[in-house]
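Engineer: This is the structure I want to talk about, given as structure tokens.
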Ligand SMILES: [Zn+2]
């Protein structure tokens, strides 16, 4: 089954973590002191309430902004519940 919307992910009990990658996409070593790396688990149900269950997972990253540094350079990590999938899956992350 391919999960494409936040409504489907919520129904399946997926957890959502967002990590700020500000300062890491360019010159990762020299800029390391400025890197934010703020990481937080988001509430899936709140997202469904605010975005609607048909909102595509692939568009989440472009709608999120780090609350600490204000960067839009964030990475969304999806974690299916234990036993329901093959470990952690990432979306939009190379
Ligand atoms: Zn940040």
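Residue numbers (the numbering used here): 712 to 805. No residue lacks a Cβ here, since even glycine has one placed at the ideal position from N, Cα and C. Computed from a predicted model, the values in this text were never measured in an experiment.
Give the single residue among 746, 732, 753 and 749 whose Cα lies nearest to the Cα of residue 724.
Structural biologist: 753
Engineer: With distances taken between CB atoms, is the gap from residue 747 to residue 779 smaller than 8 Å?
Structural biologist: yes
Engineer: Skipping 5 residues on each side, what residues in its chain have a beta carbon closer than 6 Å to that of residue 730?
Structural biologist: 750 and 786
Engineer: Who are the near neighbours of residue 745 in its chain, counting only those whose CB is closer than 7 Å to its CB and skipping five residues on each side?
Structural biologist: 734
Engineer: Which partner residues does residue 767 have in the DSSP bridge list?
Structural biologist: As computed with DSSP, residue 767 is found in a beta bridge with 716.
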